[in-house]
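Since the structure comes first, as structure tokens, the remarks are kept for the end.
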Amino acid sequence: MTTFTERELAHLLGRPVRQVLSPQDRRAFAGRRVLITGAGGSIGSELARQVAACGPERLTLVDHSEHALFQIEREIAPMLPDRVLDPVLADVTRSAFVRQAFRHSRPHVVYHAAAYKHVTMSERAVCAASNANVLGTVHVVTAARECGARFILISSDKAAAPTSVMGATKRLAELVVLREASVTFRPAVVRFGNVLGSSGSLLTILRDCIRAGQPVPVTDPDATRYFMTAGEAVSLVMKVDLAGQGGETYWLDMGEPIRIGDLVERMLGLEAENGFARVPTQVIGLRPGEKRQERLVEQGISMTATRHPRIWVARQPDVDGRRVDTALRALRRALARADSPASLAALIAAVPDFAPCPEALQSGQRDSADAVVAAGGHPLARAV
-17 MTTFTERELA
-7 HLLGRPVRQV
3 LSPQDRRAFA
13 GRRVLITGAG
23 GSIGSELARQ
33 VAACGPERLT
43 LVDHSEHALF
53 QIEREIAPML
63 PDRVLDPVLA
73 DVTRSAFVRQ
83 AFRHSRPHVV
93 YHAAAYKHVT
103 MSERAVCAAS
113 NANVLGTVHV
123 VTAARECGAR
133 FILISSDKAA
143 APTSVMGATK
153 RLAELVVLRE
163 ASVTFRPAVV
173 RFGNVLGSSG
183 SLLTILRDCI
193 RAGQPVPVTD
203 PDATRYFMTA
213 GEAVSLVMKV
223 DLAGQGGETY
233 WLDMGEPIRI
243 GDLVERMLGL
253 EAENGFARVP
263 TQVIGLRPGE
273 KRQERLVEQG
283 ISMTATRHPR
293 IWVARQPDVD
303 GRRVDTALRA
313 LRRALARADS
323 PASLAALIAA
333 VPDFAPCPEA
343 LQSGQRDSAD
353 AVVAAGGHPL
363 ARAV
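First residue of the sequence shown? That's -17 in the working numbering, and the numbers climb one at a time after it.
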């Protein structure tokens, strides 16, 4: 992961970096058994670092990439006593592997960060994104419920009125999690904005291009995005966990959305201070599935303040469990055949405000989308 100093991040954000966790909060993690999925990724690895620093009883790191898992294990092993760190090489899309990891670790809390997150990649890999982001979540939240663990789903602002496959899969994952809420099991959803400096993020691409002397690709200078640091993202997850509430969706106050053109200019200026020559920009246009402006919450849903002044919460409407179950059955059938059109149709049926980009519907998806409309599904497909 590309690293930036706190001063650099504050300059790029145009605001101070939020300090969410207090020393008292961090002490509350001592003696807990924590399981993190996607532990080798940008967010999962930062979660692992911060939890390890709090002195957990056991820290179980789950990832399907042996290289990523090896790297984070090697980094944080010196921070923990023997037999506290438990790296598990497993794929969350395999329910048997997930259950085995839970039986062995018996976690008090689960942070589910494993996901495919790249918008344009997911547009081309509907089945892979659906399998990882939806069915992977089903397996992990089910195992958490069965063992009585606290569960936090790491989601995205792209789940609000999604226009991308990635956003739709994250929204369906949210619905799966919120449907599980009960008197005895209170899972929570945390929505992130764009995480500065994470793997494959805009800042990483900008810095790589500038330092290579290559033109900087800009999708749309007037597009806006919400941004946060990895530290802010992780501390938000941990704070929500400590709040002890559930069945709700949480956000961090990230300030005003940032215009992409402004962020690029700030990055060019920052790298000039570091001794790198200014490079030209190249406007390439928004890619399939991308929005010009992101939103944090669905239309008609209001956010309210929590006891922490920088954290907001919204209680979503009751989940239509029948719709979710029907969509999951259809999705499982589609994935068993590696059928991308049918997988997209299942997402459309499950997420009523999912507006797929025209390219997705026109590139081999039309028949399945029309089938959904015939069954009373998504109205957008009628115009295709």
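The beta carbon of each residue, even a glycine, is placed where N, CA and C say it ideally should be.
- In summary, R207 is buried, with 16 or more beta-carbon neighbours lying within 10 Å of its beta-carbon over all protein chains present.
- Assigned with DSSP and collapsed to three states, I266 falls in coil, not helix or strand.
- Nearest Cα to I283 within the set A332, A309 and Y232: Y232.
- Nearest to E272 by C-alpha distance, out of A320, T124 and T102, is T102.
- Taking A316 as reference, the option from V265, V116 and R161 with the minimal CA-CA separation is V116.
- If you compare the alpha carbons of R(-11), V200, A141 and I25 with that of A332, the shortest gap goes to A141.
- By the neighbour-count criterion, in which a residue is buried when 16 or more other Cβ atoms sit within 10 angstroms of its Cβ, N256 is exposed.
- Beta-bridge partners of Y232 (DSSP): V172 and V295.
- With three or more CB-CB distances shorter than 8 Å, the stretch 89 to 99 counts as touching the stretch 128 to 138.
- In the three-state reduction of the DSSP assignment, Q32 falls in the helix class, which pools H, G and I.
- In this structure E280 touches D335 by the C-beta definition: roughly 7 Å separates them, less than 8 Å.
- Distance from the CA atom of S181 to the CA atom of V222, rounded to whole angstroms, is 24 Å.
- Counting the other Cβ atoms within 10 Å of the Cβ of D45 gives 16 or more, which makes it buried.
- Residue pairing by DSSP leaves M61 without any beta bridge partner.
- Its chain contains V108, C109, S112, L313, A316 and L317 as the residues whose beta carbon lies nearer than 8 Å to that of S325, once the 5 sequence neighbours on both sides are disregarded; these appear in chain order.
- Linking G(-4) to E(-12) through their CA atoms gives a straight-line distance of about 12 Å.
- In terms of CA proximity to S47, G26 leads the group G26, A34, L41 and A59.
- For N176, the CB contacts under 6 Å within the same chain, skipping 5 residues up- and downstream, are R207 and F209 in chain order.
- With a cutoff of 8 Å on beta-carbon distance, G179 and L185 are scored as near each other.
- Taking the CA atoms as reference points, L43 sits about 14 Å from R85.
- Of all alpha-carbon atoms in E156, R260, R31 and Q275, the one lying nearest the alpha-carbon of A59 is that of R31.
- Nearest C-alpha to A150 among C191, R274, A309 and L250: A309.
- Annotated three-state conformation of H121 is helix, per DSSP.
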